[in-house]
Amino acid sequence: MENLRALVLDNSLVDFTILLLVSLTLPPLFERLRLPGLVGLLLAGVALGPDGFNLLSPDGEMETLFSDIGKIYLMFVAALEIDLKEFSRNRNRSLIFGALTFAVPMIGGILLGRLTGFGWNSSVLIGSLLASHTLLAYPIVMRLGVSRNESVMVTVGATIFTDIAALLVLAMCVAVDQGDFSPQFLAFQLVALGIYSAMVLFGLDWAGKIFFQRAGNDQGNKFLFILIAVFLSAVGAQVIDVDKIVGAFLAGLAVNDVVGDGPVKEKVEFFGGVLFIPFFFICMGLLLDVPVFIEALTSRLGITLGIVATLFITKFLAAAISSKLFRYSWAQLLTMWSLSLPQVAATLAAALVGFQVGLLTAPVFNAVIVLMIVTSLAGSIITGRVARDLSIPKPNIRVADEEWAEWLEADAKTSRPFTVLVPISNPVTQRYLIEMASLIARHEAGRVVPLAIAPAHVHMDDPSMELAMARSRRLLQTAEDMSRQMVTDVQSLIRIDDDVATGISRAAREQQARLIVMGWSSVQGLRARLFGTLIDTVFWAAHCPVAVTRLQTEPMNMRRILVPVKIATPETIHVLRFAQLFADTHEASITLLHVCDRRTPDRQIQQLRADLEEGMSLGPTVRHGIKVIRQDDPVPVILKVANRMDLVILRSMRRRTAGGLAVSDVTHRVLEGLTTSVVLFGEPHT
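Counting the sequence shown from 1 gives a position; this note's numbering is that position plus 477.
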């Protein structure tokens, strides 16, 4: 037994295995209890640390390494998920609210620190811990369909200001604590930081765009480039005596628009979300001193309550002042307040740095852990209650129609025909694909281009190359015959390419296609394809809309079409236009289904109905109806209604949380349960 214990305690492989097991099992259990999964990771760290089973050491080399990598990755992902486009649209108001929600808690934290006996430097650091915020409750406003409300977008934009400012204050505090601070040092540090920030923000953005362009479809090298960018930036920050999390955050902002929302970003977040970020929270738990933590909740309860109360009050004051300036409603004020409450990413990372350098005492560090738990729960609960009363911004239908016209309507000036590209490889699904494409092309007086991709070989005279070409010719001949039966112009195309997805997107561009219609062979293979292979890459790379189909019957017989609608946005209008286009080809009817929360206000439902009716009225005239059902979980409702339909049209979308952990997307769950025909509609990447 002693030998076994020694093996467990001194074996890095065992430590790594323990971390993996905890990361896999505990978050889902705590989420079932309606607690954040990261709370379970923190408690696991406490249980495995010196005050528990003593299986992991906070001073161990591996634990220290994973803690450093985790906090770097956490800050990188937090910056990567900031929507820079939304920030630019509300830049001035975001900066004003960002300045207020940073300065007011900062002042409150400094006063609290001084009143409780801390020096100026430690007090300033305590203030900076309260000044930032993490958008932990953002998925809630997305689920409620109010993420486009201006108050939400202003709060999201303010995150950039608060996180950068808080991290800069941290860098100054650490420099002062190490005795290196002087007016000359401050001037040098600011100049060095300015040069470094410019090199990271502009240099990485420039280098990333060039590298991504040259890398083509090589997602592995793109992923490695992003990893090198973040850790090189972290090392560069240390060179100028700034904490590495500052460099990681700047790197995330720099490559934000380079990676966009495509498969590379998904892989980067997946890698960190399942590995390094959970490890970081576990290692945070290892640092918790249980006796001191209990003391912080008993004999030293004052400092804990003081920090929590100061945060709640000052964040509310900042939101109230901003709401007064912007003339926001009470619901908008409370939403801004609740969204800016959670203290996770920047706060925990900065608290760990402050604790490690001795600026923060153990009771304050433990109080920050309590703050994280309380604000994570309170912010999520309050947001879920108050955001229901937010109004949904009216969609800009004119802009949506202009985009639709640019994508799909024929261009009379250039006399180019409306072209539907149909990649074919499976004789079983080929007929229905060609029929759907032909219906749309005939409706628009256009043509169908069946496409067969033959895999490239090093030697073009390879016998297998000739076999592939012969098979492609047979498929295309069948496709041509089918199109002619539908009285549609057809022009088949064989393309030799190393990568099927790249071949499809390039052929679509060369043929000036207005729409790509493609299929998948089985329901079981859908999820794998969506997360990183053929379909996902085509969605990402194509210049025109993509309709991925699983058709169970002839498209001509699809008379009842269901379109689940979450919120009226320009993207929703695009899906409606596609549904109207297809329905108009054979006089089908459309049912728009909106499943809302049981407590959704009636006025919000009425507004959505009006927006959808207006959106439908400006497209092709088809029979349609709008069905609204109140239910907390939309998936069973959609599946039940879909059983009475011939076709379901869904919009392709994937989302992530601010912590890098995947959010269950209703679209994925619906796709897994549907037994009827499906079209997954994806727009061009912008």
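Note that the Cβ used here is the ideal one computed from N, Cα and C, for glycine as well.
These numbers come from a predicted model, not from an experiment.
Identify whether residue i lies in helix, strand or coil by the three-state DSSP scheme.
i     : result
R924  : strand
G808  : It is worth fixing the name first, because residue 808 is Ala in this sequence and not Gly. Note: A808 maps to helix in three-state DSSP.
M995  : strand
V732  : coil
D1171 : Since the first and last residues shown for the chain are 478 and 1163, residue 1171 lies out of range.
P904  : helix
G685  : helix
R1146 : helix
L551  : helix
L1151 : coil
F595  : coil
N569  : helix
S982  : helix
F758  : helix
D866  : helix
A524  : helix
A576  : helix
A652  : helix
D1074 : coil
Can you tell me where the alpha helix (DSSP H) holding residue i begins and where it ends?
i     : result
S489  : S489 to R509
P660  : P660 to A675
M849  : A839 to V863
L1089 : D1079 to S1094
H1051 : P1047 to T1062
V623  : From DSSP, V623 is part of no alpha helix (DSSP H); its letter is neither H nor E.
M1033 : Here M1033 belongs to no alpha helix (DSSP H), and DSSP marks it neither H nor E.
G713  : Q696 to V716
A945  : P940 to Q962
A614  : First-last for A614: undefined, no H or E at that position.
V821  : Run containing V821: none; DSSP gives neither H nor E here.
T791  : L778 to F803
G750  : Neither: G750 is in no alpha helix (DSSP H) and is coded neither H nor E.
What is the residue span of the beta strand (DSSP E) that residue i lies within?
i     : result
D974  : L970 to D974
M1154 : The sequence shown places Ser at residue 1154, rather than the Met named in the question. Element bounds for S1154: S1154 to G1159.
L1127 : L1124 to R1128
P900  : T896 to P900
Just grab the DSSP bridge partners of residue i for me.
i     : result
H1020 : DSSP, once it has assigned bridges, lists no residue as partnering H1020.
L1069 : V1040 and I1103
I930  : R972
T1026 : G996 and V1156
V967  : V925
Count the other C-beta atoms from every protein chain shown that fall within 10 angstroms of the C-beta of residue i, then say buried if there are 16 or more, exposed otherwise.
i     : result
A786  : exposed
A664  : exposed
R1107 : exposed
L1127 : buried
E912  : buried
I771  : exposed
N1120 : exposed
I705  : exposed
G1002 : Since pLDDT at G1002 reaches only 45, below the 50 mark, its modelled position is unreliable, and no value is offered.
S941  : exposed
If you draw a straight line from the alpha carbon of residue i to that of residue j, how long is it in whole angstroms?
i     : j     : result
H610  : V719  : 21 Å
L794  : S1066 : 52 Å
Q989  : S571  : 40 Å
G586  : V668  : 27 Å
A1181 : H1101 : Beyond the ends of the chain as shown, which are 478 and 1163, falls residue 1181; an answer cannot be given.
E987  : T896  : 11 Å
A984  : H1020 : 11 Å
T824  : L606  : 5 Å
V1000 : H1145 : Caution is warranted here: a pLDDT of 41 is assigned to V1000, below 50, making its placement in the model unreliable, and the coordinate value is therefore given only provisionally. Their Cα atoms are separated by approximately 11 Å.
V745  : L916  : 40 Å
F543  : T639  : 26 Å
V581  : Y673  : 28 Å
H1051 : P1097 : 13 Å
P900  : R919  : 18 Å
L520  : K792  : 27 Å
F1158 : L647  : 46 Å
Does any residue of chain B bring its CB to less than 8 Å from the CB of residue i?
i     : result
R1121 : Absent from the structure: chain B. Only one protein chain is present.
I want to check one thing, is the minimum distance from the CB of residue i to the heavy atoms of the ligand ZN below 7 Å?
i     : result
I1115 : As for the ligand ZN, it is missing from this structure, which has no ligand bound.
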